[in-house]
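K.L.:
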Amino acid sequence: MQIISRSFSALNLNELYALLKLRQDVFVVEQQCAYPELDGFDHMAHHVMGIGEDGLLAYARILPPESVYTEPSIGRVCVAKPLRGYGYAREIFRFALENSEKLYPDQNIKIQAQSYLEEFYERFAFTTVSEPYLDVGIWHVDMIRKAKR
527 MQIISRSFSA LNLNELYALL KLRQDVFVVE QQCAYPELDG FDHMAHHVMG
577 IGEDGLLAYA RILPPESVYT EPSIGRVCVA KPLRGYGYAR EIFRFALENS
627 EKLYPDQNIK IQAQSYLEEF YERFAFTTVS EPYLDVGIWH VDMIRKAKR
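The numbering used here applies: residue 527 is where the sequence shown begins, and numbers increase by one.
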């Protein structure tokens with residue numbers, strides 16, 4: 527898998543379509559959540575895409591501070607359903623985390639994690655900073671990774 531990161535304005539139409547389709551397939555259709563997937567933040571994001579021979583395999587979105595949270599954040603982390611279990615989520619998230627630290631040095635990073643993935647994010651030094659809560663019918667927690675200073 528080749529991983530690339532692009533600003534919204536640098537995406538071509540095929541990349542934009544592929545990432546929106548993957549996000550819709552995972553977060554709206556598969557997880558059966560009717561919510562506004564197009565949330566108004568994509569234009570300020572860096573879009574991290576894991577690309578293979580057959581197209582987009584994995585995705586994550588990096589948002590700047592003062593967008594969703596005070597801190598920069600990483601979200602919309604997903605892997606195409608038939609390709610799970612091969613470590614692509616780890617790879618795409620590691621790349622997104624490294625890019626976020628380069629884009630926003632010396633800043634904490636905040637994520638909203640689905641509760642069942644809490645241990646996954648703990649492996650990247652995130653700690654839980656909220657009680658579990660329901661968001662669009664799925665349990666989540668907020669997590670923070672302290673900046674390396």
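Note that the Cβ used here is the ideal one computed from N, Cα and C, for glycine as well.
Here the structure is a predicted model, which is why all the values come from computation and not from measurement.
#1: Throw me the rounded Cβ distance for the Cys559 and Tyr585 pair, which I believe falls under 8 Å.
#2: Determine the DSSP secondary structure at Met527, reduced to helix, strand or coil.
#3: By DSSP, does Gln640 sit in helix, in strand, or in coil?
#4: Between Thr654, Asp568 and Asp580, which lies nearest to Gln528 when the distance is taken from Cα to Cα?
#5: Measuring only the C-alpha atoms, how far is Gln550 from Glu563?
#6: Could you tell me which of Leu660, Ser531 and His572 sits nearest to Ile588, measuring between CA atoms?
#7: Taking the straight line between their C-alpha atoms, what separation do you get for Ile530 and Ile637?
#8: Give a yes or no on contact between the segment 596-603 and the segment 625-640, applying the rule of three or more CB pairs nearer than 8 Å.
#9: Measuring CB to CB, does Gly576 end up less than 9 Å from Phe621?
#10: Taking Ala584 as part of the beta strand (DSSP E), name the residues at either end of that continuous run.
#11: Is the beta carbon of Phe553 closer than 9 Å to that of Tyr561?
#12: Could you tell me the alpha carbon to alpha carbon distance between Leu609 and Leu548, rounded to whole angstroms?
#13: Does DSSP put Val594 in a helix, a strand or coil?
P.N.:
On the basis of the coordinates in this document:
#1: What you label residue 559 is simply residue 33 of the sequence shown in a count that begins at 1. What you label residue 585 is simply residue 59 of the sequence shown in a count that begins at 1. Contact doesn't hold; Cβ gap of about 17 Å is too wide.
#2: Here residue 527 refers to the residue found at position 1 when the sequence shown is read from its first residue. DSSP places Met527 in coil when its eight states are reduced to three.
#3: Numbered from its first residue, the sequence shown carries residue 640 at position 114. In this structure, Gln640 counts as strand in the three-state DSSP scheme.
#4: As a first step, residue 528 must be located in the sequence shown, where it is residue number 2. Here the closest residue by C-alpha is Asp580.
#5: Here the question's residue 550 lines up with position 24 in the sequence shown. Here the question's residue 563 lines up with position 37 in the sequence shown. Each residue's Cα considered, the two are about 7 Å apart.
#6: For this step, residue 588 is matched to residue 62 along the sequence shown. The option with the nearest alpha carbon to Ile588 is His572.
#7: Sequence index remark: in the sequence shown, residue 530 carries index 4 (1-based). Sequence index remark: in the sequence shown, residue 637 carries index 111 (1-based). The alpha-carbon atoms of Ile530 and Ile637 are separated by roughly 21 Å.
#8: yes
#9: Here residue 576 is taken as the residue at index 50 of the sequence shown, counted from 1. Here residue 621 is taken as the residue at index 95 of the sequence shown, counted from 1. Yes.
#10: In the sequence shown, the residue the question calls residue 584 occupies position 58. From DSSP, the beta strand (DSSP E) with Ala584 extends over Gly581 to Leu589.
#11: On the sequence shown, position 35 is the one that residue 561 refers to. On the sequence shown, position 27 is the one that residue 553 refers to. Yes, the pair counts as a contact, with Cβ atoms nearer than the cut-off.
#12: By one-based count along the sequence shown, residue 609 stands at place 83. By one-based count along the sequence shown, residue 548 stands at place 22. Roughly 12 Å between the two C-alpha positions.
#13: Position 68 of the sequence shown holds residue 594. Three-state result, Val594: coil.
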